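A.B. asks:
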DNA sequence: TTAATAAAAGATAAAATTGTCCTTTATTAA
DNA sequence: TTAATAAAGGACAATTTTATCTTTTATTAA
């Protein structure tokens with residue numbers, strides 16, 4: 001469904017958010033450990049998230065990654081997905097046609113549109129805050 | 145969403161079905177042309193579909209691919225997806241966790257389960273027949 | 001101002017997916 | 001029984017994605 005870059009990015013964002021809610025800035029090593037992802041690859045993904053303004057980074061001793069507390073509720077999962085793999089997931093034709101649209105649809109067009117819209121709505125209406133809270137109270141988990 | 149192998153395979157199956165409904169056996173070249181896919185790669189995918197018993201093939205002059213007419217309505221799109229990329233799409237954790245389940249869920253577990261179930265249901269309840277019919281009456285299309 | 005720390009950036013490398021080409025096998029018809 | 005046809009199979013190549021390693025830049029504290 002999603003690329004690894006994307007799921008690692010979502011997991012990383014949730015972890016950073018959950019720590020930011022507790023005023024903790026977190027470093028790469030800690031992130032990779034807590035979401036169980038390859039360190040260097042995770043670093044690349046974090047760079048993207050920083051570039052897209054989803055995550056803030058601070059260099060040097062005591063540096064690391066964080067998300068402004070008051071923004072955590074505004075950031076939706078859709079933004080993370082968009083910045084790591086574009087919005088093709090909700091827009092592209094399910095059967096891979098370039099010019100698939102309601103006037104010249106592929107055989108799965110309508111059925112796929114329904115699914116994609118569900119997905120789009122789900123991602124756009126789910127905030128980092130609610131997911132980070134689940135992790136904080138240990139009702140949900142980011143590894144294993 | 146789906147791999148190219150998978151979408152090419154679905155398009156090929158629909159095309160073969162639509163031709164089989166008209167009693168036409170079709171060759172690789174014609175298939176690749178009509179669904180606009182790379183010929184040799186399409187051949188590999190067709191081999192998979194033949195191995196999985198979804199498509200029948202006949203070698204030699206006037207040979208080609210076909211699907212038994214009476215089976216076209218029984219074959220669901222889910223079978224094609226299963227044979228070309230396994231059932232991970234409806235089963236695997238949306239955030240890529242190995243052991244994600246309701247007793248130790250990832251943060252998106254429930255929301256993802258809903259989407260995946262929609263997708264699963266859609267693929268399992270859609271037959272090759274209805275999609276092939278749409279192509280035959282030119283209300284849906286397999287290329288461009 | 002220097003040493004230590006940690007992210008950013010760049011260059012590669014490995015693996016997976018996608019795509020091509022060539023040979024073999026089966027079938028048909030002349 | 002031979003020539004032509006078309007799929008099957010195997011080897012290989014290109015591209016994309018995933019992953020690693022090294023160097024540079026920024027920041028902090030001693």
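Residue numbers (my numbering), protein chains in the order written: chain A, 1 to 144; chain B, 145 to 288. All C-beta atoms, glycine included, are put in the ideal place defined by N, C-alpha and C. Keep in mind that this is a model prediction, so the values were computed, not measured.
Using a 10 Å radius around the Cβ and a threshold of 16 neighbouring Cβ atoms, would you call residue 94(A) buried or exposed?
C.D. replies: The residue is buried, with at least 16 neighbouring Cβ atoms inside 10 Å.
A.B. asks: If we cut at 7 Å on Cβ distances, does residue 11(A) have a partner in chain B?
C.D. replies: Yes, because at least one Cβ of chain B sits closer than 7 Å to the Cβ of residue 11(A).
A.B. asks: Compute the distance between the beta-carbons of residue 229(B) and residue 147(B), then report whether it is under 7 Å.
C.D. replies: Yes, the Cβ-Cβ distance between residue 229(B) and residue 147(B) is below 7 Å.
A.B. asks: Pair every Cβ in the stretch 60 to 75 of chain A with every Cβ in the stretch 17 to 36 of chain A, then say whether three or more of these pairs are closer than 8 Å.
C.D. replies: Output reads yes: the stretch 17 to 36 of chain A touches the stretch 60 to 75 of chain A.
A.B. asks: Return the CA-CA distance between residue 175(B) and residue 189(B), expressed in angstroms with no decimal places.
C.D. replies: The straight-line gap from Cα to Cα measures roughly 12 Å.
A.B. asks: Spell out whether any CB of chain B is found under 7 Å from the CB atom of residue 38(A).
C.D. replies: Residue 38(A) does not count as touching chain B.
A.B. asks: Could you work out which residue in 181(B), 154(B), 250(B), 161(B) is closest to residue 280(B) when comparing CA atoms only?
C.D. replies: That would be 161(B), whose Cα lies nearest to the Cα of residue 280(B).
A.B. asks: Can you give me the start and stop residues for the beta strand (DSSP E) that residue 202(B) sits inside?
C.D. replies: Where residue 202(B) is concerned, the enclosing beta strand (DSSP E) stretches over 200 to 202.
A.B. asks: For residue 20(A), which residues from the same chain have a beta carbon less than 7 Å from its beta carbon, with the 5 sequence-adjacent residues on both sides left out?
C.D. replies: Closer than 7 Å at Cβ, skipping near neighbours: 66, 67, 69, 72.
A.B. asks: What do you get for residue 197(B), buried or exposed, if any count of 16 or more other CB atoms within 10 angstroms of its CB means buried?
C.D. replies: So residue 197(B) ends up on the exposed side.
A.B. asks: For a cutoff of 7 Å on Cβ pairs, would you count residue 285(B) as touching chain A?
C.D. replies: With 7 Å as the cut-off, residue 285(B) counts as an interface residue toward chain A.
A.B. asks: With distances taken between CB atoms, is the gap from residue 123(A) to residue 81(A) smaller than 7 Å?
C.D. replies: Yes, Cβ-Cβ distance for residue 123(A) and residue 81(A) is below 7 Å.
A.B. asks: With DSSP as the reference, please indicate the residues paired to residue 76(A) in a beta bridge.
C.D. replies: According to DSSP, residue 76(A) bridges with 127(A).
A.B. asks: Could you check if residue 234(B) is buried or exposed, using at least 16 other CB atoms within 10 Å of its CB as the buried criterion?
C.D. replies: Per the 10 Å Cβ criterion, buried.
A.B. asks: Since I believe residue 179(B) is in contact with residue 264(B) (beta carbons under 8 Å), could you give me their beta-carbon distance rounded to a whole number of angstroms?
C.D. replies: That belief does not hold up - the Cβ atoms of residue 264(B) and residue 179(B) are roughly 25 Å apart, past 8 Å.
A.B. asks: Can you say whether residue 103(A) is buried or exposed, counting buried as having 16 or more other CB atoms within 10 angstroms of its CB?
C.D. replies: Classification of residue 103(A): exposed, given that the 10 Å Cβ count is below 16.
A.B. asks: Applying the criterion that 16 or more other CB atoms from any shown protein chain within 10 Å of the CB defines a buried residue, is residue 240(B) buried or exposed?
C.D. replies: Residue 240(B) is buried by the Cβ-count criterion.
A.B. asks: By a C-beta neighbour count over all protein chains shown, 10 Å radius and 16 as the cutoff for buried, is residue 282(B) buried or exposed?
C.D. replies: Result: exposed.
A.B. asks: Indicate whether at least one CB of chain B lies closer than 7 Å to the CB of residue 117(A).
C.D. replies: No, residue 117(A) does not count as interfacial toward chain B.
A.B. asks: Taking just the CA atoms, how far does residue 117(A) sit from residue 28(A)?
C.D. replies: Their Cα atoms are separated by approximately 34 Å.
A.B. asks: Tell me whether residue 101(A) sits in a helix, a strand or coil according to DSSP, three-state version.
C.D. replies: Three-state result, residue 101(A): strand.
A.B. asks: Going along the chain, which residues of its own chain have a beta-carbon closer than 6 Å to the beta-carbon of residue 222(B), five neighbours each way excluded?
C.D. replies: Counting only Cβ-Cβ distances below 6 Å, and skipping sequence neighbours, we find 267, 268.
A.B. asks: Using a cut-off of 8 Å between C-beta atoms, extract the partners of residue 25(A) located in chain B.
C.D. replies: Within chain B, no residue comes near residue 25(A); the closest Cβ sits about 21 Å away, beyond 8 Å.
A.B. asks: To which residues does DSSP link residue 135(A) through a beta bridge?
C.D. replies: DSSP output for residue 135(A) lists no bridge partner at all.
A.B. asks: Using a Cβ cut-off of 9 Å, which residues of the stretch 94 to 109 of chain A contact any Cβ in chain B, in chain order?
C.D. replies: Hits within the stretch, in order: 94, 95, 96, 97, 98, 99, 100, 104, 105, 106, 107, 108, 109.
A.B. asks: On the premise that residue 131(A) lies in contact with residue 75(A), defined as a C-beta separation below 8 Å, what is that separation, rounded to the nearest angstrom?
C.D. replies: Contact doesn't hold; Cβ gap of about 10 Å is too wide.
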